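Residue numbers (this note's numbering): 15 to 83. Here the structure is laid out as C-alpha cells; the discussion comes afterwards.
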Amino acid sequence: MKINKYVEDLRGQSATDLQEQLVAAKKELFNLRFQNATNQLDNTSRIKEVRKNIARIQTIIAEKQKVAE
C-alpha cells in the first residue's frame, strides 16, 4: 500500500517536479554507492529502494510524455 500511495503522489506532480525528484534520487543513489564503497553504509537495502524509486519516476515521466503526444 505504501508504494501505491507513492506512485499516486508521483502521478499528481508536474513534469518539472518529476525531473527534480529524479535528479535528487540519482544524487542520493550516488551518495549511497559512495558510502557503500567506503564501508560507511549501514542500511544497504536503501540502494535497492532508491533504484526502484528512480525507475518508478522514469516510468511516470514516460507515461506523461506519451499522453502529451
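The beta-carbon is built from N, C-alpha and C at its ideal position, and this holds for glycine as well. Since the model is a prediction, treat every value here as computed from it, not as a measurement.
Residue burial is scored here from C-beta neighbours: Ile74 has at least 16 other C-beta atoms within 10 angstroms and is therefore classed as buried. Per the C-alpha coordinates, the member of Thr52, Val64, Phe44 positioned closest to Tyr20 is Val64.
For Ser59, the three-state secondary structure derived from DSSP is helix.
Taken through DSSP and simplified to helix, strand or coil, Gln54 comes out as coil. Residue environment for Ile17: exposed (fewer than 16 other C-beta atoms within 10 angstroms of its C-beta).
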